[in-house]
Structures are given as structure tokens and as C-alpha cells.
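Peer 1: Going by this note's numbering, the first residue of the sequence shown is number 696, and it counts up by one from there. C-beta atoms are modelled at their ideal positions from N, C-alpha and C, and glycine is treated no differently.
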Amino acid sequence: MTKIVAFGEVMLRLMPEGHKELTQTHHLNAMYTGTGVNILAGLYQLGYQAALLTCLPDNRVGFAAASSLRALGIHDDLVFYEGNHLGAYFLEMGFGSRSSKVTYMNRTHSSFALADYSNLDYDSILNGIDALHVCGIAFINDTTFDAALNLALEARRRSIEVIFDCNFRPSLWDDRKLADSQAMYDAMLAQATIVFAGIQDATKLTSIKEIKSNAEALSHFRNHYGIKTLFGTNRSDNRLQGFMINDNGYTESKWYTLDVLDRIGAGDGFATGAIYTQFETYSDKDAVEFACAAGVLAHTIHGDSFILSKSDIENVVNNTIPDVIR
């Protein structure tokens, strides 16, 4: 059985009912989420063993978060407990011409951000696993970045795949200089073997302004860092297309029309499908179709975590979606 460990934070998602604004509601729906959580939940549905390395608050909120992980099929034996706070975000779901709004709270003071990672037992974390997943959003401060980079370095030393989701968002790090964030990404990308990135990541992290097409720019980005396989998506007029770049070249999926119930976490659905194909026997074309179909399905799920099956994804790829499954 393929085994994946993700390093990242757990966040509390709080959302008004329906499509209400915060100023309109007295009720909030709560769920526990995070990039690593979402992807691990999806990989569990596809038959993989999934574990999250994180720090949760040593109180009932932290214990509830761990219970949620277990309910999603994620092993919590690498979870440890310190501090009192969990990062959170409020999601006000948009409608029509009104955009959704996300407001982050308490991330810099969360247990994950303030934990001591200096004594991690790499043997217990990495022995017997096939891949380590890290997301750039986890670079909350120097401590969490150092923990992520050291894990990646140790994983590569053991010939373990390092999966890195760029998610380069300088807006999340108001007190950090852009050059410092770029240096962090440079260090992590140098260790990554499978990377998720888009054209904005590539243009912000490398000097590729003279290159014309997105495919050429992303190929330059891949070659610059020595990445084995690069995945990403294109969007246009409520449609989604996946792509991958490896030694065989640039491969695109067909365009899929999106029916959007909940867009948050949809990129993690694409990543779930893509990661799965890299440990199975898929051609490049079949891999990118499977990944994009998973991303399409993720738009139809309430909540951030991917909870559907391989057959659900294959139905989208093959355009054989039954009205009712009995």
C-alpha cells in the first residue's frame, strides 16, 4: 500500500449558512481543513495510507480536530499537542457577481506556527513511506519553514518523493520581504520531485519575462529547479484544463466545464488525482485527465476535503456519469 505523509497545519473553517454574509448570520458551520488534510483525505479514498504531521492545541478544540482527521481516514499518530490556538478562516460564499470572501484569523499564533520542531524523529516519520507532501502555505514563519525544509532534505536523502504545492501567496506574509519568501521557495523547490505550480508561481519565482507562452515559461521553471514532474491547471470561462510537464514534454487534458458548488479546496482535488497517478501505471495523457477530472469533481463537494472514489473520477473522464447510482 502506498503511504503518504503530509506536513502542514489544520485550520478551522467557519462559514455562514447558505450564501449569507457574516453581517447577516447568527450561525456558522464548522469543519477542520488544510491543504494536507484535503489531499490526504482524498488519497485515503483512493486506497492509500495517509498520515498528517502537525501540531494541534492541547485542548478540546485540538482533540476535536484530531477526531475529524480520523473520520477522514487520516492517521493521527504523528500529531502532537502544544499551546492553545488553532488557525481559522471565515468563508463567506459568493453568488453570481458577488465574490466569495476569505478572512484568516490567528494563523501566526496557532499551535502549528509556535510549535517546537527541533526534535522530530525522522525515522518514525519517514520510514516506510513513499512520499512527503508539503505546501508553501505552511511557511508561516522561519520555524515552520525550517521544519518543512529539513523534512524534505531528509526525505530526499532516503530517496522518498517530495511533493510540493507552491501556493505562492505573499499576501499571507505581510511582515516578510518578497525576497525572503522567494529564497524559501528556492530552497524547497530544489528538493521537490513533484510540484504543483501555475504561471503566476513561475513568473514570481524565476526570471522568465522574456518567454512568451505559458507552456514555455513553465517548462523553463521546471528545468530551472530540476523538477521531475510539474502539474498545474488552466481556467477559462468556467472551464478547467489540467497539464503536466516531465521528460516526455508538455501534456494537456481536455477542457472540462465546471459546475461549482464550493470552489474552496478544488485545487487540492486536482492534486489528489495527480499524486495518485504518479504511483500507479498511468500514461501521461491518462494521468492528466484523471487529475483534472478529480479537480472538476472537487468543485461539486461541500467542504474542502476530497471524499469521492476512483470510479467517480473515471465516470467524469469517460463522460459516463449516471443520474442516480443504485
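Within the same chain, show all residues whose beta-carbon is closer than 7 Å to that of I894, passing over the 5 residues directly before and after it, in chain order.
Peer 2: Numbered from its first residue, the sequence shown carries residue 894 at position 199. Answer for I894: N909, A912 and L913, listed in chain order.
Peer 1: Quick one: using the 10 Å Cβ neighbour count with 16 as the cut-off for buried, is F758 buried or exposed?
Peer 2: As a first step, residue 758 is located in the sequence shown; it is residue number 63 there, counting from the start. It is exposed - the Cβ of F758 has fewer than 16 other Cβ atoms within 10 Å.
Peer 1: Let me know if A966 comes out buried or exposed under the rule of 16 or more other beta-carbons within 10 Å of its beta-carbon.
Peer 2: Counting from 1 along the sequence shown, the entry for residue 966 is found at position 271. So A966 ends up on the buried side.
Peer 1: Determine whether the beta carbon atoms of V829 and F702 lie at a separation below 8 Å.
Peer 2: Here residue 829 corresponds to residue number 134 of the sequence shown, with the count starting at 1. Here residue 702 corresponds to residue number 7 of the sequence shown, with the count starting at 1. In this structure, F702 lies closer than 8 Å to V829 by Cβ.
Peer 1: Tell whether a beta-carbon distance below 8 Å holds between K698 and Q740.
Peer 2: As a working note, residue 698 is residue 3 in the sequence shown. As a working note, residue 740 is residue 45 in the sequence shown. Cβ distance not < 8 Å, so K698 and Q740 don't count as in contact.
Peer 1: Could you please give me the residues that DSSP links to L747 through a beta bridge?
Peer 2: By one-based count along the sequence shown, residue 747 stands at place 52. The partner list for L747 (beta bridge, DSSP) reads A701.
Peer 1: Which same chain residues end up closer than 8 Å to S819 when comparing Cβ atoms and leaving out the 5 residues on each side of it in sequence?
Peer 2: One-based indexing of the sequence shown puts residue 819 at position 124. Within the same chain, S819 has close Cβ partners L773.
Peer 1: Use the C-beta contact count for G713: other C-beta atoms within 10 angstroms, 16 or more gives buried, fewer gives exposed.
Peer 2: Mapped onto the sequence shown, residue 713 falls at position 18. The residue is exposed, with fewer than 16 neighbouring Cβ atoms inside 10 Å.
Peer 1: Determine the DSSP secondary structure at F834, reduced to helix, strand or coil.
Peer 2: Along the sequence shown, one-based indexing puts residue 834 at 139. Coil at F834, not helix or strand.
Peer 1: Got a sec? Which residues, its chain only, sit under 7 Å from E716 by beta carbon, not counting five neighbours each side?
Peer 2: Here residue 716 is taken as the residue at index 21 of the sequence shown, counted from 1. Same-chain partners within the cutoff: E787.
Peer 1: Go to N918, then tell me how far its alpha helix (DSSP H) extends in each direction, as first and last residue.
Peer 2: In the sequence shown, the residue the question calls residue 918 occupies position 223. N909 to Y920 is the span of the alpha helix (DSSP H), which, as asked, contains N918.
Peer 1: Starting from the C-beta of R658, find all residues in its chain whose C-beta is less than 7 Å away, skip the five residues before and the five after it, and write them out in chain order.
Peer 2: Because the chain in this structure spans residues 696 to 1021, residue 658 falls outside the shown range and cannot be described.
Peer 1: Taking F785 as the reference, which of E975, N1010, Y727 and T946 has the closest Cα?
Peer 2: To locate residue 785, count along the sequence shown from 1; it is residue 90. The shortest C-alpha separation from F785 is found at Y727.
Peer 1: Applying the 10 Å Cβ sphere with the 16-neighbour rule, what's the burial state of A874?
Peer 2: By one-based count along the sequence shown, residue 874 stands at place 179. Exposed, since its Cβ has fewer than 16 Cβ neighbours within 10 Å.
Peer 1: Would you tell me roughly how many angstroms separate the C-alpha atoms of N724 and G823, rounded to the nearest one?
Peer 2: Sequence index remark: in the sequence shown, residue 724 carries index 29 (1-based). Sequence index remark: in the sequence shown, residue 823 carries index 128 (1-based). Cα-Cα distance, rounded: 37 Å.
Peer 1: Taking a contact to mean a Cβ-Cβ separation below 8 Å, would you say L709 touches A783 in this structure?
Peer 2: Taking the sequence shown and counting its residues from 1, one reaches residue 709 at position 14. Taking the sequence shown and counting its residues from 1, one reaches residue 783 at position 88. A contact, by the Cβ cut-off of 8 Å.
Peer 1: Using only the alpha-carbon positions, how far apart do H780 and D837 sit?
Peer 2: As a first step, residue 780 is located in the sequence shown; it is residue number 85 there, counting from the start. As a first step, residue 837 is located in the sequence shown; it is residue number 142 there, counting from the start. For H780 and D837, the distance between alpha carbons rounds to 19 Å.
Peer 1: Taking Cβ to Cβ, would you say T995 is nearer than 8 Å to A986?
Peer 2: As a working note, residue 995 is residue 300 in the sequence shown. As a working note, residue 986 is residue 291 in the sequence shown. No.
Peer 1: State yes or no: is the C-beta of F859 within less than 8 Å of the C-beta of L900?
Peer 2: The residue labelled residue 859 in the question sits at position 164 within the sequence shown. The residue labelled residue 900 in the question sits at position 205 within the sequence shown. In this structure, L900 does not lie closer than 8 Å to F859 by Cβ.
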